[in-house]
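Written below as structure tokens is the structure these notes are about.
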Amino acid sequence: MPESLVISKGAEETTRELLRSLLESGKVSAVLALGRTGSGGEGVAYSLFTDPTAFEEGGAACPLFPFMPANAGGLLSRLTLQGPPSEPVAAVVKPCELRALIELVKLNQCSLDNILLISSTCSGVYPLDAGVDGALEEKLPGYWEAVKQGEVDEDVRPTCRACVNFVPENADITIALLGEADLDTQCTLHVNTEKGAAFVEGLEGASSSGELESEPVQRAVGQREAFREELFAGVEVGMQGLIRTFGRCIGCHACKTVCPICYCRLCYFDSQDAERSPEFYEGELQRKGGLRVPPNTVFFQLGRMAHMSVSCVGCGMCTDVCPADIPLSTLFSKVAASAQALFEYQPGREVTEEIPLRTFEQEELVQVAT
Amino acid sequence: MSEKSAARSSGATLKAEGGVAAALVGWLKEALEKKVFDALLIPVEVPAGDSFAYLLLQDPAILDKASPLPPVMPVQGGKAISRLTMRGNGSKRVAAVVRPCEARAAIELSKLKQAHLDDVCLITLDCPGVLPLSDYIGDPAAGAARFAEAAAEGDRSPMRPTCQMCNHFSLLGSDLHVGTLGADGTILIVPGSSKGERVLEGMGMPVDAALDDWSARVEEAEQAQTERRRQAHADLRETVAGAENLLDVFSSCINCHNCQRVCPVCYCRQCYFESAALKLPPENYLARAGRKGALRFSPDTLLFHIGRASHMALSCVSCGACEDACPMDIPVGQVFSLMADRAQEALGYVAGRSLEDALPLVDYEMDELHQVEQPYVEIYCKQEVQDA
Amino acid sequence: MENQAFTPRIVGFLCNWCTYAAADSAGVSRFKMPPSVMVVRVMCSGRVDPLFVLTAFFSGADGVLISGCWPGQCHYQKGNLHARRRTALLKSIFDTLELEMADRFRLSWVSASEAPRFVQVVKEFTDQIEQAGPSPICDELFL
Chain A
0 MPESLVISKG
10 AEETTRELLR
20 SLLESGKVSA
30 VLALGRTGSG
40 GEGVAYSLFT
50 DPTAFEEGGA
60 ACPLFPFMPA
70 NAGGLLSRLT
80 LQGPPSEPVA
90 AVVKPCELRA
100 LIELVKLNQC
110 SLDNILLISS
120 TCSGVYPLDA
130 GVDGALEEKL
140 PGYWEAVKQG
150 EVDEDVRPTC
160 RACVNFVPEN
170 ADITIALLGE
180 ADLDTQCTLH
190 VNTEKGAAFV
200 EGLEGASSSG
210 ELESEPVQRA
220 VGQREAFREE
230 LFAGVEVGMQ
240 GLIRTFGRCI
250 GCHACKTVCP
260 ICYCRLCYFD
270 SQDAERSPEF
280 YEGELQRKGG
290 LRVPPNTVFF
300 QLGRMAHMSV
310 SCVGCGMCTD
320 VCPADIPLST
330 LFSKVAASAQ
340 ALFEYQPGRE
350 VTEEIPLRTF
360 EQEELVQVAT
Chain B
0 MSEKSAARSS
10 GATLKAEGGV
20 AAALVGWLKE
30 ALEKKVFDAL
40 LIPVEVPAGD
50 SFAYLLLQDP
60 AILDKASPLP
70 PVMPVQGGKA
80 ISRLTMRGNG
90 SKRVAAVVRP
100 CEARAAIELS
110 KLKQAHLDDV
120 CLITLDCPGV
130 LPLSDYIGDP
140 AAGAARFAEA
150 AAEGDRSPMR
160 PTCQMCNHFS
170 LLGSDLHVGT
180 LGADGTILIV
190 PGSSKGERVL
200 EGMGMPVDAA
210 LDDWSARVEE
220 AEQAQTERRR
230 QAHADLRETV
240 AGAENLLDVF
250 SSCINCHNCQ
260 RVCPVCYCRQ
270 CYFESAALKL
280 PPENYLARAG
290 RKGALRFSPD
300 TLLFHIGRAS
310 HMALSCVSCG
320 ACEDACPMDI
330 PVGQVFSLMA
340 DRAQEALGYV
350 AGRSLEDALP
360 LVDYEMDELH
370 QVEQPYVEIY
380 CKQEVQDA
Chain C
0 MENQAFTPRI
10 VGFLCNWCTY
20 AAADSAGVSR
30 FKMPPSVMVV
40 RVMCSGRVDP
50 LFVLTAFFSG
60 ADGVLISGCW
70 PGQCHYQKGN
80 LHARRRTALL
90 KSIFDTLELE
100 MADRFRLSWV
110 SASEAPRFVQ
120 VVKEFTDQIE
130 QAGPSPICDE
140 LFL
């Protein structure tokens with residue numbers, strides 16, 4: 000059974016070398032990973048790399064960069080929607096992206112065949128607005144210090160600070176990052192599957208049988224759970240709370256567009272069915288004296304919750320993309336936590352675990368019907 | 000722009016007691032009560048006080064929190080008008096209090112059959128611009144103060160970049176235009192159509208005030224802004240022209256398509272760039288990645304932006320909603336306003352000027368635009384040499 | 000907005016084969032019940048999308064009722080079992096966000112032969128909504 004490989008190079012170098020060798024040897028035909036864009040390298044975007052030199056020192060690829068311009072689960076769905084690739088493709092994804100990916104597989108939007116999934120124990124990503132104009136470079140040293148200590152930089156996405164699902168045991172290969180004090184000189188690759196083992200064959204490193212859930216990781220879970228409670232407690236509840244929060248919502252639906260789980264090509268709320276007739280407007284005028292235009296602001300938010308909260312992985316893309324700075328991910332994660340607890344379900348935990356709304360038990364939830 | 004000012008020679012007057020906004024809101028209340036129109040679409044402060052939302056209302060009491068010229072434009076008014084009237088006008092006559100670019104967007108949307116303006120009375124105001132949304136939400140009180148001060152001094156520097164170079168801030172193509180520029184205790188209400196004239200009649204306001212002073216001030220300001228715009232576009236062109244520069248501008252684009260979603264003119268329920276047409280088998284993406292060594296994923300970033308421009312530039316009103324919504328601070332509104340101006344110029348069209356102007360891609364002449372029939376090199380390289 | 004002269008407006012999604020038949024039967028048998036339920040007949044309680052419930056509330060409904068066949072008796076075998084999960088999910092969302100809608104939303108099982116039970120459900124639910132008062136969002140402009 001696969002175990003772990005301890006490589007005597009720093010994590011950054013190990014990861015780049017692993018990917019470079021996978022490409023060069025032809026074991027994979029492409030790698031989906033973060034890379035620098037723009038002539039000055041100020042931008043960071045996911046790319047499908049086929050050229051191994053991108054992973055050399057100074058190359059464009061930066062696979063472990065603490066940034067998420069798009070949820071890679073959604074990107075892999077885009078890649079494999081019409082079928083798996085004919086040759087293996089490796090993808091370096093964060094734990095929440097991996098979980099989103101697994102949900103999308105259950106939703107028939109994605110295929111795992113021929114995809115080698117590489118993930119890591121995660122200390123979060125910076126919000127999108129921190130990545131404008133190459134401003135993230137100066138945060139990197141502080142970020143990696145925090146990683147080594149098993150902590151989280153305060154400036155990462157709030158949902159990252161509150162994330163307790165940052166140990167991706169179901170990736171093919173998991174890079175141990177969090178709490179690894181000697182990250183600059185040594186890196187442990189946990190090989191979790193037979194598929195993963197086949198791809199790292201030949202890689203130079205000492206075998207070991209360490210646990211992914213190291214002591215620093217366990218400590219981190221406790222810390223993040225505490226922050227999570229605090230974060231959720233700050234959510235404005237009640238209909239008045241929602242009206243206040245979404246007062247500045249402009250109905251752009253960007254949150255839905257970047258959400259990896261919201262896969263509908265034509266969302267109900269963009270469709271003809273959600274369009275309102277003059278009779279509707281006049282009826283509301285009669286009933287209330289006035290109404291917001293465009294209407295359906297809170298309706299869209301609650302409706303989206305009803306549709307996707309059982310699969311919400313708390314990645315935080317929604318908050319980052321909101322033009323009105325609404326802390327959507329906190330709100331949606333709070334609702335998702337309750338919804339998922341109700342069904343004892345964890346999105347992305349296991350690909351064979353059916354999504355709660357697609358299945359049922361004959362005897363359950365007796366208290367719901369009265 | 001003098002043709003606009005000359006189009007109307009007189010207007011009605013309104014005393015700006017307690018300030019322009021208060022006077023206007025009072026006037027609108029009276030109009031509602033007198034049933035000069037049945038309902039009003041106007042920005043109203045939201046319950047949390049951190050933004051404004053368009054409200055359709057017929058209860059005059061709600062107007063207490065209304066603002067005819069709020070510091071921000073969260074939803075483009077043209078889009079709101081389109082949503083309201085997409086399926087027709089119903090039985091109510093609605094007056095919409097909007098900024099000039101919002102009215103122009105509504106006019107374009109009407110031509111694009113996404114809005115019905117028959118029973119909509121477009122009321123515009125002289126516009127000092129709007130603050131970027133992110134500069135307001137964090138501290139609305141400070142934002143409001145900054146906006147009020149800048150507006151009073153005619154200082155556009157805190158406003159959206161597209162507002163800073165706007166030269167269409169005083170429209171006389173709407174049904175009623177409120178002339179506030181340089182107003183000294185009195186504001187002018189200028190009818191631009193029979194609909195507007197009827198409103199003033201219903202309010203018992205004679206249309207007998209001369210517009211000369213105000214017109215002159217507007218024209219002066221418009222000329223200054225036109226020069227600013229020309230300069231801003233020239234500077235911008237330096238930074239975006241050429242493939243490498245353009246790629247740099249969009250290097251941090253995350254393909255969220257916010258710009259398309261908030262754009263009033265982009266009305267497609269399902270954008271082409273999100274449709275099945277661009278969802279391809281993995282071999283397509285891998286082949287492209289193989290050819291170039293890497294393929295940005297999700298792909299087609301520039302295709303989306305240039306494609307979107309090709310779809311909507313002729314109706315672009317340079318409102319800047321796109322730039323406000325971009326999470327990566329890309330100057331997309333400025334880039335699009337540059338493309339839009341050139342495109343509209345090439346086809347002799349001004350977006351939103353009049354309902355009578357046919358959409359340039361729907362209309363045609365037998366004898367026109369021969370220069371584009373010529374080989375590219377012959378015409379365009381020659382132009383560049385001439386310009387240099 | 001006074002409770003005295005307040006007839007609750009409850010949108011009822013009743014499944015064709017069971018509850019709708021029961022309601023029909025109750026009517027034919029001249030059972031008395033408050034005129035509070037506006038019936039939307041669906042072929043199965045499993046047809047009810049959470050969005051229907053939300054739409055009803057945002058359109059001004061004071062209460063929403065879904066009623067169908069008893070588990071194990073669904074005309075389509077399992078539609079009502081899906082309905083139960085969706086209801087649980089929606090209630091969880093309402094509860095987590097402390098929305099009053101949680102107490103104004105009910106799922107019941109009433110079979111075709113249980114006309115008196117239908118009457119009882121309607122009476123009980125109407126009472127409950129009467130106590131709770133008109134929908135708290137009926138005057139909200141910024142939805």
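Residue numbers (numbering that gives the first Met the number 0), protein chains in the order written: chain A, 0 to 369; chain B, 0 to 387; chain C, 0 to 142.
For every residue, glycine included, the Cβ atom is placed at its ideal position computed from N, Cα and C.
- Contact annotation: B:Ile305 and B:Ser251 have beta-carbon atoms that are not nearer than 8 angstroms.
- A:Phe66 and C:Glu123 have their C-alpha atoms some 54 angstroms from each other.
- With 16 or more neighbouring CB atoms inside 10 Å of its own CB, B:Val248 falls in the buried class.
- The beta-carbon of C:Trp108 is placed less than 8 angstroms from the nearest beta-carbon of chain A.
- In this structure B:Ala293 is buried. Its beta-carbon is surrounded by 16 or more other beta-carbon atoms within 10 angstroms.
- With distances taken between CA atoms, A:His189 lies nearest to A:Ile117 out of A:Thr329, A:Thr49, A:Ala69, A:Ile117.
- In this chain, A:Thr52 is not harboured by any beta strand (DSSP E), its DSSP state being neither H nor E.
- In the three-state reduction of the DSSP assignment, A:Glu235 falls in the coil class.
- Against chain B, a Cβ distance below 7 angstroms from C:Phe141 picks out Val45, Pro46, Ala52.
- The C-beta distance from B:Ala357 to B:Ala312 rounds to 17 angstroms, too long to meet the 8 angstroms contact threshold.
- Listed in chain order, the positions of the stretch 55–89 of chain B with a beta carbon within less than 8 angstroms of a beta carbon of chain C are Leu56, Ile61.
- Within the model, the alpha-carbon separation for A:Arg156 versus A:Gly123 is close to 7 angstroms.
- A:Thr329 has no beta-bridge partner at all, per DSSP.
- For A:Arg35, the enclosing beta strand (DSSP E) has its first and last residue at 29–36.
- For A:Ala44, the closest C-alpha among the options B:Gly319, B:Pro298, B:Ile80 is that of B:Pro298.
- DSSP places B:Lys14 in the strand class (E or B) of the three-state scheme.
- Only Cys251, His252, Ala253, Thr256, Val257 from the stretch 251–263 of chain A bring a Cβ to less than 8 angstroms from some Cβ of chain B.
- Around the beta carbon of B:Asp134, 16 or more other beta carbons sit within 10 angstroms, so the residue counts as buried.
- The alpha-carbon separation between B:Leu13 and B:Ala22 amounts to approximately 8 angstroms.
- Only residues of its own chain outside the window of five on either side were considered, and among them Pro94, Leu97, Ser118, Thr173 have a CB closer than 7 angstroms to the CB of A:Pro167, listed in chain order.
- When C-beta distances to chain C are compared with 8 angstroms, the residues of the stretch 288–314 of chain A below that value are Gly288, Gly289, Leu290, Arg291, Pro294, Asn295, Thr296, Val297, Phe298, Leu301, Gly302, Met304, Ala305, His306, Ser308, Val309, in chain order.
- Counting every other CB atom within 10 Å of its CB across the protein chains shown gives B:His369 a total below 16, marking it as exposed.
- Taking all protein chains shown into account, B:Ser274 has fewer than 16 neighbouring C-beta atoms within 10 Å of its C-beta and is therefore exposed.
- In the DSSP assignment, B:Tyr135 falls within the alpha helix (DSSP H) that extends over 133–136.
- A Cβ-Cβ distance of about 11 angstroms is found for the pair A:Ala32 and A:Val88, leaving them out of contact under the 8 angstroms criterion.
- The C-alpha of B:Arg92 is placed about 16 angstroms away from the C-alpha of A:Val292.
- Under the 10 Å beta carbon count, B:Asp183 is surrounded by fewer than 16 other beta carbons and is classified as exposed.
- The three-state secondary structure of B:His232, taken from DSSP, is helix.
- Looking at the DSSP output, C:Trp108 shares a beta bridge with C:Gly67.
- Put simply, the stretch 52–62 of chain B touches the stretch 24–39 of chain B. At least three CB pairs are less than 8 angstroms apart.
- Taking CB atoms only, C:Ser28 has no neighbour in chain A less than 8 angstroms away.
- Counting the other Cβ atoms within 10 Å of the Cβ of A:Met304 gives 16 or more, which makes it buried.
- Counting along the chain, C:Leu13 sits inside the beta strand (DSSP E) bounded by residues 9–14.
- As the crow flies, the alpha-carbon of C:Met32 is around 11 angstroms from that of C:Ala114.
- For A:Thr318, same chain residues with a beta-carbon under 6 angstroms away, outside a window of 5 residues either side, are Pro326, Leu327, Ser328 in chain order.
- With three or more CB-CB distances shorter than 8 angstroms, the stretch 39–56 of chain C counts as touching the stretch 5–20 of chain C.
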